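Report on the structure given below.
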Amino acid sequence: MLHGLAGLAAPNKLVALTVDHGLRAGSADEARRVKAHCRRLGICHETLVWEAEPPKAGLQAAARRARYRLLGSAAARLGLAAVLTAHTSDDQDETLEMRRSRSPSESAPGLAGISRATLFDGRLWVLRPLLDVTRAEIRAHLAHAGVDWIEDPSNRDLRFERVRVRAQLKDRPAAHGGQDSEAIAGARSRLAESAAAFIGARCRAGEDETIRMRCSPGDDAEVVAAVIAALIDLCGGAAQPLDRRGKATLAALAKDCIKGPDTSHRAVTLGRALLRHRGRDLLIRRESRGLETLDVAPGAVADWDGRYRVQNLDAKARLTVSAGGCDGVSPSFGRDLHPETVWSNTQQVIGGFRSRRLLGRSSAILPVCELPLAQSLARLVQTGGPPPCPWDTPKGELASAKADVL
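All the letters of the sequence shown, read from the start, carry residue numbers 547 to 952 under this note's numbering.
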């Protein structure tokens, strides 16, 4: 990918970032080899080092999270428009194989596979221009161009699930090709657009952190369920999606909402959100249990209750965030030096802090197909929405981009 981009863009438009996880001998030398190659191409290069103690379990997942954190910080510091990674169609096949082994449904959202563009932490767009290219094609191109490359020995370590799946796929083709994942991704995109339109037309946010949603007979049950799921994510702030039982309850609730108020008899709690019927409206807000107090160090940034990102602007005093307000679930802010003083979310300047609403789990990871839905949620609660994707390329143009790179 680096070699292909070097032939497409001016060197001063590119920065190469190497993440050294420090997990094996030789990784620092490999980073220096990449740096030397970039110097020959006239491209700026930085090595980002993961300095935390690696966990004993879930090593690859932890390394992946650390990698994107490091890349996001570097991108913000360097003013980069996006970060490109060289995931291939082989990576896509392996990912789908692993997710399919855990999925109860052939249409589960995870089977859309690796997204062509993903927003991380609400700020870093990661683009993947080589998802239609195989590793064999890349190696053939490099061999023809006389360019050497580095093989990561971790790719042969059978302790890792992806490596085991890769070995299995050498002996047989993947159960389903990329066309299936493209179809699921397309369906997800259409559903997200429909849900976004529904939120804009039928949902209103109250000052008491309650979202009011109105349904009508004839509404599409799948769209209604998608909207309710997004609002539960927004209002509940839970770190994990609904489990299988929760999804079944959600589907039944969506059907009840469409039928009308006579079919609904009780409040439901899902994903830390309380859902209640009032006439034809469904009211959704954070349940009043499990609200913790957060201590934010001077100058630090932290997330409270999965719903607010808080930055302490004071250089000396700690900031305390706890549940309060007239509704009992809104954030209240205080200082350790002045515990008798409490500020609301509208008094940020006086209190010396910043606080903005998060958009559920999409504030952490947002595939581009769900961008319209996240944007509609941001408008609903009047907060800053995710930045536009810098590479909004129709699929027809992706083949041309592949041809240009290779």
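Yeah, the Cβ is synthetic: ideal placement off N, Cα and C, and Gly gets one too. Only a predicted model underlies this, so the values are computations on that prediction, with no experimental measurement involved.
*Report yes or no: do the region 910-920 and the region 661-670 share at least 3 C-beta pairs separated by less than 8 Å?*
yes
_Could you tell me the alpha carbon to alpha carbon distance between cysteine 781 and tyrosine 614, rounded to whole angstroms?_
26 Å
*Hey, out of Asp789, Gly898, Arg824, Ala598, whose CA is closest to valine 847's CA?*
Gly898
_At 4 residues or longer, what runs of the alpha helix (DSSP H) sit wholly inside the region 686-719?_
707-717
*Going by C-alpha distance, which of Gly752, Leu737, Gly625, Thr887 is nearest leucine 560?*
Leucine 560 has its Cα closest to that of Gly625, out of Gly752, Leu737, Gly625, Thr887.
*Apart from the five residues on each side of it in sequence, which residues of its chain come closer than 7 Å, Cβ to Cβ, to glutamate 707?*
Within the same chain, and ignoring the five residues on either side of glutamate 707 in sequence, the residues whose Cβ sits closer than 7 Å to its Cβ are Met644.
_Using only CA atoms, which one of Lys801, Ala741, Gly746 lies nearest to glutamine 928?_
Gly746
*May I ask you to report which of helix, strand or coil DSSP gives methionine 759?*
Residue state, collapsed to three classes: strand.
*Count the other CB atoms within 10 Å of the CB of leucine 642; is the residue buried (16 or more) or exposed (fewer)?*
By the neighbour-count rule (16 or more Cβ atoms within 10 Å), leucine 642 is buried.
*How big is the Cα-Cα spacing for glycine 906 and aspartate 566?*
30 Å
*Three-state class that DSSP yields for leucine 865 in the structure shown*: The answer is strand: DSSP assigns leucine 865 an E or B state.
*Name the DSSP bridge partner or partners of valine 561?*
Cys590
*Could you check if tryptophan 695 is buried or exposed, using at least 16 other CB atoms within 10 Å of its CB as the buried criterion?*
When all chains shown are included, tryptophan 695 counts as exposed.
*Can you give the Cα-Cα distance for alanine 945 and leucine 677, rounded to whole angstroms?*
Unreliable positioning characterises alanine 945 in this predicted model, as indicated by a pLDDT of 42, which lies under 50. The coordinate reading is nonetheless provided below. Approximately 10 Å, taken between the alpha carbons.
_In this structure, how does DSSP classify threonine 664 when only helix, strand and coil are distinguished?_
strand
*Between the region 787-806 and the region 853-869, do at least 3 Cβ pairs fall closer than 8 Å?*
Judged by Cβ distances under 8 Å, the region 787-806 makes no contact with the region 853-869, as fewer than three pairs qualify.
*For valine 875, does the three-state DSSP call read helix, strand or coil?*
coil
*Which of helix, strand or coil does DSSP assign to aspartate 566?*
strand
*Quick one: Cα of proline 699 to Cα of leucine 569, how far?*
11 Å
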